[in-house]
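In the numbering used here, the protein residues as written are 45 to 221. Before any comments, here is the structure.
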């Protein structure tokens, strides 16, 4: 499966209709479940590649700031939410996580305390495979999709957060001093 084919499933799940990440996941599962099981497995491998590529320290810091703290699983769920918004959203956030400060829902979250996560997006391939075959998705060697928590810079260091993510820090941190 090509990268474009992977993203086409997400694009079709959001086409012409605003959708929550849960709706994106349901539509993607329905589409994939009608395909050959090998295609579903290949789609799942591409999802893992997206998770590896998006598993950056600064994106984790952005998720930590936006969601008022996240562990590894919370970071995974945040990236599920991001994937539900499509290829351009993921690419922009990976390249410069501070760009998330321009997202309307995230701006609002500074006031509302909304939390962003979509574990259901991460389970698309497994659910589709099970619907298609009645069997669990074959487990293979899974790549590490995020840094080890102990290897991260201190996300509670507000000065470092302001240096690395100035726009998000303006939204989510108290003014210094």
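For glycine and all other residues, C-beta sits at the position ideal for the given N, C-alpha and C.
Item	Value
Span of the alpha helix (DSSP H), counted from its first residue to its last, around residue 119	116-127
Reference residue 306; option with closest CA among 53, 83, 112 and 214	The structure shown does not extend to residue 306, since the chain is modelled only from 45 to 221, so the question has no answer here.
Residue from 89, 69, 72 and 75 whose Cα sits closest to the Cα of residue 45	89
Environment of residue 164 [buried if 16+ CB atoms lie within 10 Å]	buried
Per-residue DSSP class, three states only, for residue 111	coil
Beta-carbon proximity of residue 101 to residue 191, cut-off 8 Å	yes
Burial state of residue 71, where buried means 16 or more other Cβ atoms lie within 10 Å	buried
Integer Cβ distance of residue 134 from residue 94, believed to fall under 8 Å	7 Å
Top-ranked residue by Cα proximity to residue 107, from 142, 83, 96 and 76	142
Alpha carbon of residue 81 to alpha carbon of residue 114, nearest angstrom	34 Å
Test item: CB-CB of residue 109 and residue 212 under 8 Å	yes
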